[in-house]
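K.L.:
Quick one: the structure is below, and I'll ask about it shortly.
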Amino acid sequence: MKYVFFGTPEFAGIILRGLIEADMPPVAVVCNPDKPVGRKKLITPPITKQIAEQEGIKVFQPKTKKDLVALSPSLSEMADFAVVAAYAKIIPLKVINGFKLGIIGVHPSLLPKFRGPSPIQSVILSGKLETGTTLFMLDQGVDDGLILIQGKVNVENRNYEELIKVLGELSLKLLTETLPEFVSGKIKPVPQDENEVTVTNFFEPEAGLVKENDLKDALGGDEEKSSKIERMVRALNPEPGVYTLANSKRTKLLSVRKDGSKLVLEKIQKEGKTPQAFV
Numbered sequence: 003m004k005y006v007f008f009g010t011p012e013f014a015g016i017i018l019r020g021l022i023e024a025d026m027p028p029v030a031v032v033c034n035p036d037k038p039v040g041r042k043k044l045i046t047p048p049i050t051k052q053i054a055e056q057e058g059i060k061v062f063q064p065k066t067k068k069d070l071v072a073l074s075p076s077l078s079e080m081a082d083f084a085v086v087a088a089y090a091k092i093i094p095l096k097v098i099n100g101f102k103l104g105i106i107g108v109h110p111s112l113l114p115k116f117r118g119p120s121p122i123q124s125v126i127l128s129g130k131l132e133t134g135t136t137l138f139m140l141d142q143g144v145d146d147g148l149i150l151i152q153g154k155v156n157v158e159n160r161n162y163e164e165l166i167k168v169l170g171e172l173s174l175k176l177l178t179e180t181l182p183e184f185v186s187g188k189i190k191p192v193p194q195d196e197n198e199v200t201v202t203n204f205f206e207p208e209a210g211l212v213k214e215n216d217l218k219d220a221l222g223g224d225e226e227k228s229s230k231i232e233r234m235v236r237a238l239n240p241e242p243g244v245y246t247l248a249n250s251k252r253t254k255l256l257s258v259r260k261d262g263s264k265l266v267l268e269k270i271q272k273e274g275k276t277p278q279a280f281v
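Residue numbers (this note's numbering): 3 to 281.
Dropping the structure here:
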């Protein structure tokens, strides 16, 4: 079973490491270029590149769509199919069709719900109790291909970073169980229900703003506002971050909880200060 793995961030890293540990390593990894990280802007390789290099797996980092298309013939010679998880770039149809068996997409939602770039954050914000992972065949559109299999998990009160790990492990489980059957042609993909489609978008910094009056109302027991802010804090930290403004100064809301209908602050960070925890 020869395949190429496309993926860049932590979600992809969880899956890649698990596939290697399950004795199902890819023949190559394609990820985004190294980029500056942190306050010191140190050039840092993606986690998937770090994992691949530790295991002696070839790594490719095309900068543009044109570079990826140029790389396509070499990739399709190496493998019969590819797996893509959080690659964060649209893969051209020419690249998809270059693989004999196509490309399997890993999307952390129950497609056709929450298509697009922010399914985990968006499902937390929505207040839905259940989410999951979908393995599907990549197509020309965004997350609209034929479905191979789905798995479900409860959202519970998990935050974004916790849910990434849970969905990463679920995705890994589905892949290890499904890839052998996919290669042998035993799986019959099914189309998505276009009547059930919802679409997500990238979150700008403004999405994390909590109005001062809304925060006061939530702290005072406004059920609707306290629930909304609690979901925002779980969904939008660490990026783009949740904050409120008072006298033009920003206070980050790092951790909150609900006590009945009231919102309770657990950890905040005032502008220019270190984080402050409340007992």
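Each residue gets a CB set at the ideal place from its N, CA and C atoms; glycine is no exception.
Which runs of the beta strand (DSSP E) at least 3 residues long sit entirely within the region 183-258? Give them in chain order.
P.N.:
List check, beta strand (DSSP E) in window: 245-248.
K.L.:
Look at residue 165 and residue 126 and say whether their C-beta atoms are less than 8 angstroms apart.
P.N.:
Yes.
K.L.:
Give the list of continuous beta strand (DSSP E) stretches no shorter than 3 residues that lie fully inside the region 52-139.
P.N.:
The qualifying runs are 60-62, 83-87, 105-109, 132-139.
K.L.:
Which of helix, strand or coil does DSSP assign to residue 40?
P.N.:
Coil, per DSSP.
K.L.:
Helix, strand or coil for residue 167? Go by DSSP, reduced to three states.
P.N.:
Three-state result, residue 167: helix.
K.L.:
Between residue 61 and the rest of its own chain, which residues show a CB-CB distance below 6 angstroms, the 5 nearest in sequence each way excluded?
P.N.:
Only 31, 51, 54 meet the Cβ criterion.
K.L.:
Taking residue 140 as the reference, which of 129, 192, 134, 175 has the closest Cα?
P.N.:
Checked all of 129, 192, 134, 175; the closest Cα to residue 140 is 192.
K.L.:
Just to confirm my understanding: we take residue 102, look at its own chain, exclude 5 residues before and 5 after, and list those with CB closer than 6 angstroms. What are they?
P.N.:
Closer than 6 angstroms at Cβ, skipping near neighbours: 82.
K.L.:
By the three-class DSSP mapping on this structure, what secondary structure does residue 8 have?
P.N.:
It is a strand residue.
K.L.:
Can you find at least 3 beta carbon pairs, one from the region 152-163 and one from the region 184-202, that sit closer than 8 angstroms?
P.N.:
No, the region 152-163 is not in contact with the region 184-202.
K.L.:
Given this structure, state the Cα-to-Cα distance separating residue 196 from residue 211, to the nearest angstrom.
P.N.:
So the alpha carbons of these two residues sit roughly 33 angstroms apart.
K.L.:
The beta strand (DSSP E) that contains residue 268, what's its start and end?
P.N.:
Counting along the chain, the beta strand (DSSP E) containing residue 268 begins and ends at 264-272.
K.L.:
Count the other CB atoms within 10 Å of the CB of residue 237; is the residue buried (16 or more) or exposed (fewer)?
P.N.:
The residue in question, residue 237, is buried, as its Cβ has 16 or more Cβ neighbours within 10 Å.
K.L.:
Anyone know if the C-beta pair for residue 15 and residue 49 falls short of 8 angstroms?
P.N.:
Contact: yes.
K.L.:
Could you check the C-alpha separation between residue 25 and residue 243 for me, to the nearest Å?
P.N.:
About 38 angstroms.
K.L.:
Measure the alpha-carbon distance for residue 23 versus residue 89 and round it to whole angstroms.
P.N.:
Approximately 21 angstroms, taken between the alpha carbons.
K.L.:
Can you check which of these residues, 262, 255, 260, 261, is closest to residue 270 by C-alpha distance?
P.N.:
The shortest Cα separation from residue 270 among 262, 255, 260, 261 belongs to 255.
K.L.:
Compare the C-alpha of residue 275 against each of 251, 262, 155, 76 and name the closest.
P.N.:
Measuring from the Cα of residue 275, the nearest candidate turns out to be 251.
K.L.:
In whole angstroms, what separates the C-alpha of residue 219 from that of residue 113?
P.N.:
For residue 219 and residue 113, the distance between alpha carbons rounds to 36 angstroms.
K.L.:
In this structure, how does DSSP classify residue 24 when only helix, strand and coil are distinguished?
P.N.:
In this structure, residue 24 counts as coil in the three-state DSSP scheme.
K.L.:
Just to check my reading of the structure: residue 38 and residue 6 have Cβ atoms closer than 8 angstroms, yes? What is that Cβ distance to the nearest angstrom?
P.N.:
Rounded, the Cβ-Cβ distance is 27 angstroms, inconsistent with contact.
K.L.:
In angstroms, rounded to a whole number, what distance separates the CA positions of residue 231 and residue 240?
P.N.:
The straight-line gap from Cα to Cα measures roughly 15 angstroms.
K.L.:
Using beta-carbon positions only, say whether residue 13 and residue 110 come within less than 8 angstroms of one another.
P.N.:
Their beta carbons are under 8 angstroms apart, which means residue 13 touches residue 110 by this criterion.
K.L.:
Looking at the strands, I want to know which residues DSSP matches up with residue 279.
P.N.:
For residue 279, which the question treats as bridged, DSSP gives the partners 269.
K.L.:
Since residue 154 and residue 134 are thought to touch, with beta carbons under 8 angstroms apart, how far apart are those beta carbons, to the nearest angstrom?
P.N.:
Sure, about 4 angstroms apart at Cβ, within 8 angstroms.
K.L.:
Identify which residue in 47, 96, 42 has its Cα closest to the Cα of residue 36.
P.N.:
Closest by alpha carbon: 47.
K.L.:
Could you say which of 85, 3, 41 lies nearest to residue 33 if we only look at CA atoms?
P.N.:
Residue 85 is the option with its Cα nearest to residue 33.
K.L.:
For residue 233, does the count of other Cβ atoms within 10 angstroms reach 16, so buried, or fall short, so exposed?
P.N.:
Per the 10 Å Cβ criterion, buried.
K.L.:
Just how far apart, CA to CA, sit residue 93 and residue 207?
P.N.:
Each residue's Cα considered, the two are about 27 angstroms apart.
K.L.:
On a CA-only basis, which of 277, 222, 182, 245 is nearest residue 260? Give me that one, please.
P.N.:
That would be 222, whose Cα lies nearest to the Cα of residue 260.
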